[in-house]
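Enquirer: Before we start, here is the structure in question, set down as structure tokens.
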């Protein structure tokens, strides 16, 4: 009993802001979290009680019968599984150390990742094995709303290209049962706790409703996707969850429902196209010449490379778009190719900018506080810096066990007295309470460079505003920091690089893969290199190096890092 009590009280004892909130609540100086009915989003009405069973009204060409004629390697989160045709029946008997692998199997997330030479009958074979074990809706993880929605959308897209796994009548019956199953367990947990999963729930209902002729599922799905698209995307079109990878995933989901709405002549097609154009238009700002900075959480759903087809100039016949029927692929490709990127969405906390051969991506949510979705990191002012077409300073992304990967010490950022720039965010904190604890973060751009100012550290005793400025001049960039306050504090600056690192007089030398060399120096502190890992996709990593600069200065304090091409 005592260990359980200690586990419950540990967050309270370790978080002074949480203790402060409890005191404010006891004195009725801040409101509690708004009440909500779990699984019942208000957009569906107060009387919402789920969906009735609806018989499917459509038919699909059948998938060719029989077992696949060759083995397959299933691409799963962080691993691959080789299967021979006779092994499919026992696939769902396996257990995995990483729960995301089992989750992917239930989502059928491996289907869009199949190689071009794989036998499509593998989908029918594994679908049959899944139905034997999980074909009846229940309360298990196999039938959570997110899994059911992904599975339905994936199989419907597959069936339009390759045919419906059979027996067709049985498969259509199981797919139709996905609608009420999703509706019963919608991922709605109030305005502050609900993530983009609810949009995905709506996507599953909408796809099922349109393609199986289920009118009530279509209506519920339409209301969800339209209301959620307005809620989860910022005015610029960027997803509000603090992750570049998740933005690509939700852009894909928007494209999926827009294609369905367009194909069926639905009134939702016009507003969905507006949303899709905004979201897809921002993809150009997320990519730098050396690749996609993986800001925030890396999703297990699909590798970032699988979604590169959505970027400007991307190969429209590769990745996810290669799984679409040719008419839909061409329709989406035409929309993407017609986009003209607007200004970088600095007001929404993302800034992409170029200064000669230098280019960078900066992130700082306007509120400063980390997204409540769980997909953002403590990366206020985090950035990735490229020179020409090579990454010089990088965001490490996140591994399967997010943990410390989500904290400020895992980013190109500053910590003071061991604290992240902003406190942990909690859904019951009211906006006014957050503002009182730590004000907004402001990114700015001018001809010379980029600036960030925030008050997240003011919760610490005798610490004021923190400023960082990146000043570009030819082959040189200076990173200038200023921290207001008084007394002495531990200030740690961290940088991460994929380059080879060697010690040099007054700093280190960074050598890129092409052999370009850069001198990195800090006049007021030694640079201490340490090996680490950068994440390229979920469960896939490569070596990197962290550079740590630790000081114990008197505030106010200023310091400068200099990077210069040799």
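Residue numbers (my numbering): 196 to 761. Note that CB positions come from ideal geometry on N, CA and C, so glycine has one too.
Pull up the DSSP beta-bridge partners for residue 649, would you.
Expert: DSSP output for residue 649 lists 636 and 661 as bridge partner(s).
Enquirer: Would you kindly check if the distance between the Cβ of residue 638 and the Cβ of residue 611 is under 8 Å?
Expert: No, these two residues do not count as a Cβ contact at 8 Å.
Enquirer: Mapping DSSP to helix, strand and coil, what is residue 755?
Expert: Of the three classes helix, strand and coil, the one that applies to residue 755 here is strand, per DSSP.
Enquirer: Would you kindly work out how many angstroms separate the C-alpha atoms of residue 267 and residue 616, rounded to a whole number?
Expert: Their backbone Cα atoms lie some 47 Å apart in a straight line.
Enquirer: Determine contact between the region 725-743 and the region 556-569, defined as no fewer than three beta-carbon pairs at a distance below 8 Å.
Expert: Result no; under three Cβ-Cβ pairs closer than 8 Å.
Enquirer: Give, in chain order, every unbroken run of the alpha helix (DSSP H) that is at least 4 residues long and sits entirely within the region 570-617.
Expert: Whole alpha helix (DSSP H) segments, 4+ residues: zero.
Enquirer: Between the Cα of residue 755 and those of 364, 733, 686 and 278, spot the shortest distance and give me the residue it belongs to.
Expert: Out of 364, 733, 686 and 278, 686 has the C-alpha closest to the C-alpha of residue 755.
Enquirer: Note down the Cα distance separating residue 214 from residue 573, rounded to an integer number of angstroms.
Expert: Those two C-alpha atoms are separated by around 20 Å.
Enquirer: Going along the chain, which residues of its own chain have a beta-carbon closer than 6 Å to the beta-carbon of residue 385, five neighbours each way excluded?
Expert: Excluding residues within five positions, the ones whose Cβ falls inside 6 Å are 231.
Enquirer: In the DSSP assignment, find the beta strand (DSSP E) that holds residue 557 and state where it starts and stops.
Expert: Residue 557 -> beta strand (DSSP E) spans 553-558.
Enquirer: Tell me which residues share the same chain as residue 786 and place their Cβ nearer than 7 Å to its Cβ, disregarding the 5 neighbours each side in the sequence.
Expert: No statement about residue 786 is possible, as the shown extent of the chain runs from 196 to 761 and does not include it.
Enquirer: Where does residue 643 sit, in a helix, a strand or coil, going by DSSP?
Expert: Coil, per DSSP.
Enquirer: Does the separation of the CB atoms of residue 636 and residue 664 fall below 8 Å?
Expert: No, these two residues do not count as a Cβ contact at 8 Å.
Enquirer: Which value, in whole angstroms, describes the spacing of the CA atoms of residue 511 and residue 403?
Expert: When rounded, the distance between both Cα atoms is 25 Å.
Enquirer: Can the beta-carbon of residue 587 be found less than 8 Å from the beta-carbon of residue 694?
Expert: The answer is yes: Cβ separation under 8 Å.
Enquirer: Tell me whether residue 329 sits in a helix, a strand or coil according to DSSP, three-state version.
Expert: Correct three-state label for residue 329: helix.
Enquirer: Taking C-beta to C-beta, are residue 304 and residue 735 nearer than 8 Å?
Expert: Their beta carbons are not under 8 Å apart, which means residue 304 does not touch residue 735 by this criterion.
Enquirer: Judging by CA-CA distance, which residue of 229, 557 and 293 is the nearest neighbour of residue 542?
Expert: It is 557.
Enquirer: Starting from the C-beta of residue 746, find all residues in its chain whose C-beta is less than 6 Å away, skip the five residues before and the five after it, and write them out in chain order.
Expert: Within the same chain, residue 746 has close Cβ partners 686 and 720.
Enquirer: When DSSP labels each residue in this structure, what does residue 676 get in the three-state scheme?
Expert: The answer is strand: DSSP assigns residue 676 an E or B state.
Enquirer: Is DSSP giving residue 309 helix, strand or coil here?
Expert: It is coil, neither helix nor strand.
Enquirer: For residue 495, which residues in the same chain have their Cβ closer than 7 Å to its Cβ, ignoring the five residues on either side in sequence?
Expert: The answer, listed in chain order, is 272, 295, 299 and 733.
Enquirer: One question on the structure: do residue 425 and residue 393 come within less than 8 Å of each other, judged by their Cβ atoms?
Expert: No.
Enquirer: Mind checking residue 334: buried by the 16 CB within 10 Å criterion, or exposed?
Expert: It is exposed - the Cβ of residue 334 has fewer than 16 other Cβ atoms within 10 Å.
Enquirer: Alpha carbon to alpha carbon, how far is residue 513 from residue 652? Give it in angstroms, no decimals.
Expert: Each residue's Cα considered, the two are about 45 Å apart.
Enquirer: Where do the ends of the beta strand (DSSP E) carrying residue 737 lie?
Expert: 735-746 is the extent of the beta strand (DSSP E) around residue 737.
Enquirer: So, helix, strand or coil for residue 295, using DSSP?
Expert: Looking at residue 295 - three-state DSSP - the assignment turns out to be helix.
Enquirer: Jot down the residue ranges of each uninterrupted beta strand (DSSP E) in the region 238-305, minimum 3 residues, whole runs only, in chain order.
Expert: Taking only runs of at least 3 residues, the beta strand (DSSP E) segments lying wholly in the region 238-305 are 267-271 and 274-278.
Enquirer: In the DSSP assignment, the beta strand (DSSP E) including residue 545 goes from what residue to what residue?
Expert: Residue 545 -> beta strand (DSSP E) spans 545-550.
Enquirer: With 16 other CB atoms within 10 Å as the buried threshold, where does residue 649 fall?
Expert: Buried is the call here.
Enquirer: Could you spell out the range, first to last residue, of the alpha helix (DSSP H) harbouring residue 691?
Expert: Unbroken run through residue 691 is the beta strand (DSSP E), 686-692; no alpha helix (DSSP H).
Enquirer: Taking C-beta to C-beta, are residue 449 and residue 474 nearer than 8 Å?
Expert: Against a cut-off of 8 Å, the Cβ pair of residue 474 and residue 449 comes out as a contact.
Enquirer: So the alpha helix (DSSP H) residue 442 belongs to, where does it begin and stop?
Expert: Per DSSP, residue 442 belongs to the alpha helix (DSSP H) from 439-458.
Enquirer: Say whether the region 336-344 touches the region 370-378, bearing in mind that this needs 3 or more beta-carbon pairs closer than 8 Å, one atom from each stretch.
Expert: The answer is yes - the region 370-378 touches the region 336-344, with three or more Cβ pairs under 8 Å.
Enquirer: Tell me which same chain residues have a C-beta within less than 7 Å of the C-beta of residue 191, skipping the five on either side of it?
Expert: For the chain, the structure presents residues 196 to 761; residue 191 sits outside this window and is missing.
Enquirer: Smallest Cα separation from residue 691: which of 632, 613 and 592?
Expert: It is 592 whose Cα lies nearest to the Cα of residue 691.
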